[in-house]
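Residue numbers (this note's numbering): 35 to 236.
Just so it is clear, CB atoms sit at the ideal spot from N, CA and C, and this is done for glycine as well.
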């Protein structure tokens with residue numbers, strides 16, 4: 035793999051980790067174990083049976099938890115402290131410890147992309163959970179199920195196309211983060227007025 039392909043893979047693993055960390059770890063490892071792709075040296079640990087077993091189990095748990103309103107938000111809150119460093123570690127693993135500056139740059143890129151994807155996912159799902167119907171939640175969860183592995187696969191197949199799609203995804207995610215922040219601030223403002231109104235007028 036040349037530098038462009040490695041950079042695309044690092045970016046894809048970082049970004050996708052912010053959405054579906056365990057699916058990324060399991061599917062990447064499984065692809066290497068099955069011989070579909072040759073993983074970079076720093077990622078070959080993912081194809082070890084123990085790692086595949088643990089990541090596969092957590093994939094199933096996350097898949098189910100992410101379909102349940104409010105459970106998904108609790109899961110996201112806990113994984114704020116897991117997805118971002120894991121995304122940085124996976125991106126760094128693409129280049130390996132011997133690559134020096136490239137490894138550090140990949141870790142920074144992977145962590146930043148994981149943080150952006152996680153923030154967009156968590157804020158959007160929290161906002162959707164305020165709706166009484168469960169279908170929007172399920173639909174968004176299924177989008178994440180498809181988007182994370184699809185982006186990693188695209189990085190392998192066509193790095194140039196991947197970078198274009200990633201740029202568009204990042205623009206959309208930043209817009210979602212801003213929109214959800216305004217929505218949440220407005221919601222808390224209305225709740226404060228509702229519960230604080232009687233005492234304020236007394």
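Item                                                                                                                                                                  : Value
State the CB to CB distance for the pair residue 57 and residue 183, rounded to an integer number of angstroms; the pair is presumed to be in contact (CB under 8 Å). : 6 Å
So, is residue 96 buried or exposed, given that buried needs 16 or more other C-beta atoms within 10 angstroms?                                                       : buried
Are at least three pairs of beta-carbons, each pair with one atom in the region 105-118 and one in the region 156-176, less than 8 Å apart?                           : yes
By Cβ distance, which residues of its chain are closer than 7 Å to residue 64, with the 5 residues on each side in sequence left out?                                 : 86
Compare the C-alpha of residue 140 against each of 132, 148, 147, 126 and name the closest.                                                                           : 126
DSSP state of residue 96, grouped into three classes?                                                                                                                 : helix
Which runs of the alpha helix (DSSP H) at least 4 residues long sit entirely within the region 79-149? Give them in chain order.                                      : 83-99, 105-129
What does a CB cutoff of less than 8 Å around residue 66 pick up in its chain, not counting 5 residues either side in sequence?                                       : 72, 73, 77, 78, 80, 81
Return the first residue and the last residue of the alpha helix (DSSP H) that residue 70 is part of.                                                                 : Here residue 70 belongs to no alpha helix (DSSP H), and DSSP marks it neither H nor E.
Return helix, strand or coil for residue 233, following the three-state DSSP convention.                                                                              : For residue 233, the predicted model reports a pLDDT of 46, less than 50, meaning its position is unreliable and no value from the coordinates is stated.
Helix, strand or coil: which one does DSSP assign to residue 35?                                                                                                      : coil
Rounded to the nearest angstrom, how far is the Cβ of residue 161 from that of residue 214, given a contact under 8 Å?                                                : 5 Å
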